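Visitor: So in my numbering, the last spot in the sequence shown is 88, and the numbers never skip.
Please find one structure pasted underneath; my questions will follow.
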Amino acid sequence: MNTPPQGLASLWIYLLPFLHLSGCILISVAQLVSGWQYLIVFDFPFSILIVGATWRFDYPLFWFGIFGTAWWYFLSLGARSLIRRIL
Numbered sequence: 002m003n004t005p006p007q008g009l010a011s012l013w014i015y016l017l018p019f020l021h022l023s024g025c026i027l028i029s030v031a032q033l034v035s036g037w038q039y040l041i042v043f044d045f046p047f048s049i050l051i052v053g054a055t056w057r058f059d060y061p062l063f064w065f066g067i068f069g070t071a072w073w074y075f076l077s078l079g080a081r082s083l084i085r086r087i088l
């Protein structure tokens with residue numbers, strides 16, 4: 002079976018975290034209050050922990066962006082590891 006080159010396969014790891022961080026930046030810059038609801042639903046179940054831990058801080062969207070992006074990065078690493086074991 003043909004596998005993609007190692008460099009291309011490594012780029013996919015950063016796609017989901019990049020999209021999450023871009024969404025957080027967009028919500029912050031555009032001041033979209035309803036954007037929070039979409040992020041919380043999108044990051045479920047980890048969003049429950051993030052919102053609970055960061056709500057008391059001054060900038061919860063900042064911490065939500067940091068921890069949520071890390072969450073998606075670790076999910077991507079886990080998916081890559083799982084795919085490598087299967088293939």
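A virtual CB, placed ideally from N, CA and C, is assigned to each residue, including glycine.
All values derive from a computational prediction rather than experimental measurement.
Three-state secondary structure (DSSP) at residue 60?
Guide: coil
Visitor: So which of 46, 88 and 24 has the shortest CA-CA distance to residue 37?
Guide: 24
Visitor: Taking Cβ positions, are residue 51 and residue 63 nearer each other than 8 Å?
Guide: no
Visitor: Excluding the five sequence neighbours on either side, which residues of its own chain have a C-beta within less than 6 Å of the C-beta of residue 44, listed in chain order?
Guide: 69
Visitor: Contact check, residue 22 vs residue 77 under 8 Å by CB: the rounded distance?
Guide: Going by Cβ atoms, the distance from residue 22 to residue 77 rounds to 13 Å, so no, they are not a contact pair.
Visitor: Where does residue 45 sit, in a helix, a strand or coil, going by DSSP?
Guide: coil
Visitor: In whole angstroms, what separates the C-alpha of residue 80 from that of residue 31?
Guide: 32 Å
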